[in-house]
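Chains as they are written, first to last, in our numbering: chain X, 1 to 790; chain V, 1 to 48. Using N, Cα and C, we set each Cβ at its ideal position, and we do this for glycine too. Model, not experiment: these values are computed from the prediction.
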Amino acid sequence: MSSPSQPANNLGNRVRIVVATSVMLTFISYWRAAAIVLNDLASSAFYACGIAEQAVGKSAPWFIVGVMLFSFTVRAVYVESCSMFVRGGVYRVVKEALGGTLAKFSVSALMFDYVLTGPISGVSAGQYIVGLINEVMITADKHGWIPRAIHNLFNGTPQFDVNWTSVAFALAVTIYYWWENIKGIHESSEKALWVMQVTTVMVVLLLGWSALTLFKHGWQHVPLPSPGNLHFTKDSLGFLHRNFPDQSLAQKFGILGIMIAFGHSVLAMSGEESLAQVNRELAHPKLQNLKKAAIVIALYSFIFTGLTALLAVMLIPDAVRVPVYKDNLIAGLAMYMYGPEILRLIFRGFVVVVGFLILSGAVNTAIIGSNGVLNRVSEDGVLSDWFRFPHRKYGTSYRIINMIVGLQIFTILASRGDVYALGEAYAFGVIWSFAFKGLAMLVLRFKYKGERGWKVPANFHIGKYEIPFGMASITMVLLATAVINLFTKSVATISGIAFSLVFFAIFTASELANRKKHAASEKHLNDQFQLLQRDTVERESLGIRPGNVLVPVRDYNTLIHLRWALEKFDVHDQDIVVMSARVSRFGAAAYELAPEQIFSDYEQTLFTRAVSVAESFGKKVSLLVVPAGDVWSAIVQTAKNLESSAVVIGVSSKMTPEEQAFALGQAWETLPEPKRQFVLQVIHPDGRLETFRIGPHTPTMKDEDVLLLHRLWLNITHEPGLENVHHHEILTEALTRFAHDYGAREREDILRDLKRIGNMPRHAGGPKPPAVPLVRKEGGEGFPSSEPEE
Amino acid sequence: MLSLLGTLLVRFLEGMFAVGLVGSAIVLLITFVEDAELLFGREDSHQP
């Protein structure tokens, strides 16, 4: 079995690098996956029906319901796509099916969708908040709670300009999340689940209260979705308005009217594409869990978005629904419930809080998603590597984030807070990215012969040929709607095509530049490195001895910890493994990368530096690249698989060593058994060392505790029949009693005592270390520098 | 001529949309049955 390690000082041979191709992830349940997708998909409920009703009239809710039903079939397309085993980003996969030009347009449409998700969500959240503030002002003024002077200053009830205040709010949220993404926030499924739990409480209250209101007040008729009931405006006919100024289009062509209305409602299913992005992180059995997540998503969004749209038209009077509540329809629904005004106002407040949570979350998802897609496009060689260059301090692809957020800020300002205009443009990106996806999947039915876990149903055979009737049908609806939207959404068509052309030009120019550059760098790569592809990281197959030292590296300018490890460890006794985690965050997870994509230009530079550092010590190191969902999971999983005894890292620029240890400890907690402990050594730039133990371990005991135990032992062994009791048995008994008391009535007392101990002078005046589960810091703070393992 | 082409395009798109909706409805029904089996169907108790 060959070892991947080579003497680093022997550049006569190429240095071997093991590239693991299976991504190291912390797997999540289908509930959490559904929550992540719903954070994006369910946010559409807050604005989709308002936009649709402005475009097509009072029968809009039926179209929203129809779109939500149709979304059941679109998610089937995504499930089939996820069940295929392909490598490469969205560009490579679509290129395989449709060719390079259409693939570039497909990615451009997807980017248009992502870039617009942020502005529409931010502005919509702003509309809900400003709507509530203005309503509260009106109520307060009605009761005389607003001082006369303020009343006079505003010439009446103080009211904010809804659109411009929404713009200000959207800008604030976007800038906040821009900075968070620059710093590289960790996307937590925990948070997504919590947001969906709060949203579910609101949905249950909304549906229950609406049922009571329908019973008490009755309801307004919602006209059926027939051509005769469609009332298009000049804006909603777009370019067709010139040919059909009398708006007789629907009656003239019948189904065309239905198609136009469907096209104006299609943004209700935006966010469905996130399903492909959570797929990779789903726990085993993956396909079954993916299907379950898809069912939860489709049912939830059907109930929330579909039924809310219907209830809004049934309960909010026609006179105020569009004029007053078009941009905050659910808030309007809350105000027309049965019951006292104060209760309705409180519920509206709750709706606004939920709207803020879910919509501002969608702003973040949009930045993360666009960043992920563009990273993948860059990895596919269509976007210059320049965009992917990591931030010097935070390691994030800040140039891509800056570009996306710049586009979003431009969009927010250009929209002037008009949700309708944003929604129309958004629908362009949504429908075209779905249409390209459907078309690519249809073509791949004939071109792709690899593994496929599941197929969209309704397939039949003619001879030896399988006819994918179901897939073709879904694609036909998507394509027909996308084409008709080109004619009916003039602003969206112009802006969408302009945006796509700009991105297409960037992609084409980048691809040409990359082709030349990659030809040169490939030669350099082949001269210097030999890539060994492995599906998973396994110690035996990599030829690394147990008890090795794992040194994760990220920035080629800060390799002090590698120098430290090379200086301290004798490679004759312990192998040193230099590891780079290729992190692809949420939003980029639809397909796994090919080895040459995982080991990109950046990794080449990084490992060239690492090898030259090793050479300067005359020592050999093993080199490893692993793709990962997050860096901490990658480190603990690699340490586990390699049976490492120590992990050596540098101090992070954004976390303290304690926080790094805490993050690693948390990742360790999620590892399945069997797992082993290891020592984490964090090296400061000045060479100082801080050591932590990861995993459960024998605690360090203070001298007085040992003395107390010994006295107890002396005392107890004087009792008749207890002469043979050991120290550890006394500890076992003490801990068992402690656990009993903690689980029973004395929990609060125990916690109070522990807090008192934790606040004793050794922590006074300085920041307290975080509660590190199963992580113990060695050295400092009164602990001895070593502790017994047993 | 342009009007005729426009009408033809509209009729073509209408046909696509109508046939697509029928096919999608079939997909919807089949996936509903599959989903119900997945959610409420008996787990395979056979242990390897």
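Inset, instruction - Kindly say whether Glu37 of chain V, judged by its beta-carbon, lies nearer than 8 angstroms to any beta-carbon of chain X. - result: Position 37 of the second sequence holds residue 37 of chain V. With 8 angstroms as the cut-off, Glu37 of chain V does not count as an interface residue toward chain X.
Inset, instruction - May I have the straight-line CA-CA distance separating Glu748 of chain X from Ile757 of chain X, to the nearest angstrom? - result: On the first sequence, position 748 is the one that residue 748 of chain X refers to. On the first sequence, position 757 is the one that residue 757 of chain X refers to. Taking the straight line from one Cα to the other gives about 14 angstroms.
Inset, instruction - Give a yes or no on whether the C-beta atoms belonging to Trp454 of chain X and Val162 of chain X are separated by under 8 angstroms. - result: As a working mapping, residue 454 of chain X is identified with position 454 in the first sequence. As a working mapping, residue 162 of chain X is identified with position 162 in the first sequence. The answer is no: Cβ separation not under 8 angstroms.
Inset, instruction - In the DSSP assignment, find the alpha helix (DSSP H) that holds Tyr338 of chain X and state where it starts and stops. - result: Stepping through the first sequence from its first residue, residue 338 of chain X is reached at position 338. Per DSSP, Tyr338 of chain X lies in no alpha helix (DSSP H) and is assigned neither H nor E.
Inset, instruction - Find the residues of chain V that neighbour Val430 of chain X, judging by a C-beta separation of less than 9 angstroms, and give them in chain order. - result: Looking up residue 430 of chain X in the first sequence gives position 430. In chain order: nothing, as chain V lies at least about 17 angstroms away.
Inset, instruction - Would you check if the region 37 to 55 of chain X and the region 257 to 266 of chain X touch, i.e. whether three or more CB-CB distances between them fall below 8 angstroms? - result: yes
Legend entry - Closest by C-alpha distance to Gly629 of chain X, when choosing among X:Met335, X:Ser189, X:Gly429 and X:Leu41: One-based indexing of the first sequence puts residue 629 of chain X at position 629. Gly629 of chain X has its Cα closest to that of X:Ser189, out of X:Met335, X:Ser189, X:Gly429 and X:Leu41.
Legend entry - Residues from the region 50 to 80 of chain X in contact with chain V, defined by Cβ distance under 8 angstroms: Leu69, Phe70, Phe72, Thr73 and Ala76
Inset, instruction - May I ask you to list, following chain order, the residues of the region 222 to 241 of chain X that have a beta carbon less than 9 angstroms from some beta carbon of chain V? - result: none
Inset, instruction - State yes or no: is the beta carbon of Ile400 of chain X nearer than 8 angstroms to at least one beta carbon in chain V? - result: Taking the first residue of the first sequence as 1, we reach residue 400 of chain X at position 400. So, not an interface residue.
Inset, instruction - For Asp573 of chain X, collect the residues of the same chain with a Cβ closer than 7 angstroms to its Cβ; drop the 5 residues on either side in sequence, then sort them by chain order. - result: Here residue 573 of chain X is taken as the residue at index 573 of the first sequence, counted from 1. Within the same chain, Asp573 of chain X has no close Cβ partners at all.
Inset, instruction - On a CA-only basis, which of X:Leu689, X:Arg676, X:Ala646 and X:Leu193 is nearest Glu658 of chain X? Give me that one, please. - result: Looking up residue 658 of chain X in the first sequence gives position 658. Ranking the options by Cα distance to Glu658 of chain X, first place goes to X:Leu689.
Legend entry - Inter-residue CB distance, Glu424 of chain X and Val363 of chain X (contact presumed, cutoff 8 angstroms): Counting from 1 along the first sequence, the entry for residue 424 of chain X is found at position 424. Counting from 1 along the first sequence, the entry for residue 363 of chain X is found at position 363. About 19 angstroms separates the two Cβ atoms, so there is no contact after all.
Inset, instruction - Would you kindly check if the distance between the Cβ of Val419 of chain X and the Cβ of Ile367 of chain X is under 8 angstroms? - result: Position 367 of the first sequence holds residue 367 of chain X. Position 419 of the first sequence holds residue 419 of chain X. Going by C-beta atoms, Ile367 of chain X is not nearer than 8 angstroms to Val419 of chain X.
Inset, instruction - Would you mind listing the beta strand (DSSP E) stretches within the region 44 to 128 of chain X that are 3+ residues and don't spill past its ends, in chain order? - result: none
Legend entry - Cutoff 8 angstroms: Leu13 of chain V Cβ touching any chain X Cβ: Taking the second sequence and counting its residues from 1, one reaches residue 13 of chain V at position 13. Judged by the 8 angstroms Cβ criterion, Leu13 of chain V is in contact with chain X.
Inset, instruction - Closer than 9 angstroms, Cβ to Cβ, to anything on chain V: give me those residues from the region 439 to 472 of chain X, in chain order. - result: Val456, Pro457, Ala458, Phe469, Gly470, Met471 and Ala472
Inset, instruction - Kindly list the residues whose CB is nearer than 7 angstroms to the CB of Thr411 of chain X, restricted to its own chain and excluding five residues on each side of it in sequence; keep chain order. - result: Residue 411 of chain X sits at position 411 when you count from the first residue of the first sequence. Only Val115, Leu116 and Pro119 meet the Cβ criterion.
Legend entry - Beta-ladder partner(s) of Pro468 of chain X, from DSSP: Start at 1 with the first residue of the first sequence, and residue 468 of chain X comes out as number 468. Its beta-bridge partners do not exist; DSSP assigns none.
Inset, instruction - Indicate the three-state DSSP secondary structure (helix, strand or coil) for Ser226 of chain X in the structure shown. - result: Locating residue 226 of chain X in the first sequence gives position 226, where the first residue counts as 1. Per DSSP, reduced to three states, the secondary structure at Ser226 of chain X is coil, with no helix or strand assignment.
Inset, instruction - May I have the straight-line CA-CA distance separating Val136 of chain X from Trp194 of chain X, to the nearest angstrom? - result: By 1-based counting over the first sequence, the position of residue 136 of chain X is 136. By 1-based counting over the first sequence, the position of residue 194 of chain X is 194. Cα to Cα, the separation comes out at about 28 angstroms.
Inset, instruction - Give a yes or no on whether the C-beta atoms belonging to Gln677 of chain X and Pro696 of chain X are separated by under 8 angstroms. - result: For this step, residue 677 of chain X is matched to residue 677 along the first sequence. For this step, residue 696 of chain X is matched to residue 696 along the first sequence. Cβ atoms of Gln677 of chain X and Pro696 of chain X: closer than 8 angstroms.
Inset, instruction - Check distances from the C-beta atoms of the region 284 to 304 of chain X to those of chain V and list, in chain order, the residues that come in under 8 angstroms. - result: Gln288, Lys291, Lys292 and Ile295
Legend entry - Ala480 of chain X: contacting residues in chain V (beta-carbon distance under 7 angstroms): Stepping through the first sequence from its first residue, residue 480 of chain X is reached at position 480. Below the 7 angstroms Cβ cutoff, chain V contributes Leu13, Met16, Phe17 and Gly20 as neighbours of Ala480 of chain X, in chain order.
Inset, instruction - Report yes or no: do three or more beta-carbon pairs, one from the region 431 to 438 of chain X and one from the region 194 to 212 of chain X, lie closer than 8 angstroms? - result: no
Legend entry - Ile694 of chain X versus X:Met111, X:Glu669 and X:Thr488, residue with shortest Cα-Cα distance: Taking the first residue of the first sequence as position 1, residue 694 of chain X is located at position 694. Checking every option, the nearest Cα to that of Ile694 of chain X belongs to X:Glu669.
Legend entry - Contact list for Leu28 of chain V against chain X, beta-carbon separation under 7 angstroms: Along the second sequence, one-based indexing puts residue 28 of chain V at 28. Chain X residues near Leu28 of chain V: Leu69, Phe72 and Thr73.
Legend entry - CB contact flag (Val107 of chain X, Val352 of chain X, <8 angstroms): What you label residue 107 of chain X is simply residue 107 of the first sequence in a count that begins at 1. What you label residue 352 of chain X is simply residue 352 of the first sequence in a count that begins at 1. In this structure, Val352 of chain X does not lie closer than 8 angstroms to Val107 of chain X by Cβ.
Legend entry - 7 angstroms CB neighbourhood of Ala294 of chain X in its chain, flanking five on each side removed: Taking the first residue of the first sequence as position 1, residue 294 of chain X is located at position 294. These residues qualify, in order along the chain: Arg75, Val79 and Leu275.
Legend entry - Cβ pair Phe356 of chain X, Ala42 of chain X closer than 8 angstroms: As a position in the first sequence, residue 356 of chain X is number 356, starting the count at 1. As a position in the first sequence, residue 42 of chain X is number 42, starting the count at 1. No.
Legend entry - Classification of Tyr176 of chain X by the beta-carbon crowding that lies within 10 angstroms, buried from 16 upward: For this step, residue 176 of chain X is matched to residue 176 along the first sequence. Within 10 angstroms of the beta-carbon of Tyr176 of chain X lie fewer than 16 other beta-carbons, which makes it exposed.
Inset, instruction - Check whether the Cβ atoms of Arg348 of chain X and Leu207 of chain X sit closer than 8 angstroms, and answer yes or no. - result: Walking along the first sequence from the start, residue 348 of chain X turns up at place 348. Walking along the first sequence from the start, residue 207 of chain X turns up at place 207. Contact: no.
Inset, instruction - At 8 angstroms on the CB atoms, spell out the chain V contacts of Ile474 of chain X, in chain order. - result: The residue labelled residue 474 of chain X in the question sits at position 474 within the first sequence. The contacting residues are Gly20, Gly23, Ser24 and Val27.
Inset, instruction - Mark Asp113 of chain X as exposed unless 16 or more other C-beta atoms lie within 10 angstroms of its C-beta, in which case mark it buried. - result: For the purposes of this step, residue 113 of chain X is taken as residue 113 along the first sequence, with counting starting at 1. Buried: at least 16 other Cβ atoms inside 10 Å.
Legend entry - Partner residues on chain V for Met259 of chain X, Cβ-Cβ distance less than 8 angstroms: Along the first sequence, one-based indexing puts residue 259 of chain X at 259. Ordered by position in chain V, the residues that pass the 8 angstroms Cβ test against Met259 of chain X are Leu13, Glu14 and Phe17.
Legend entry - Distance cut-off 7 angstroms: Val115 of chain X Cβ against heavy atoms of the ligand MG: As presented, the structure is devoid of all ligands, the ligand MG included, so that no description of it is given.
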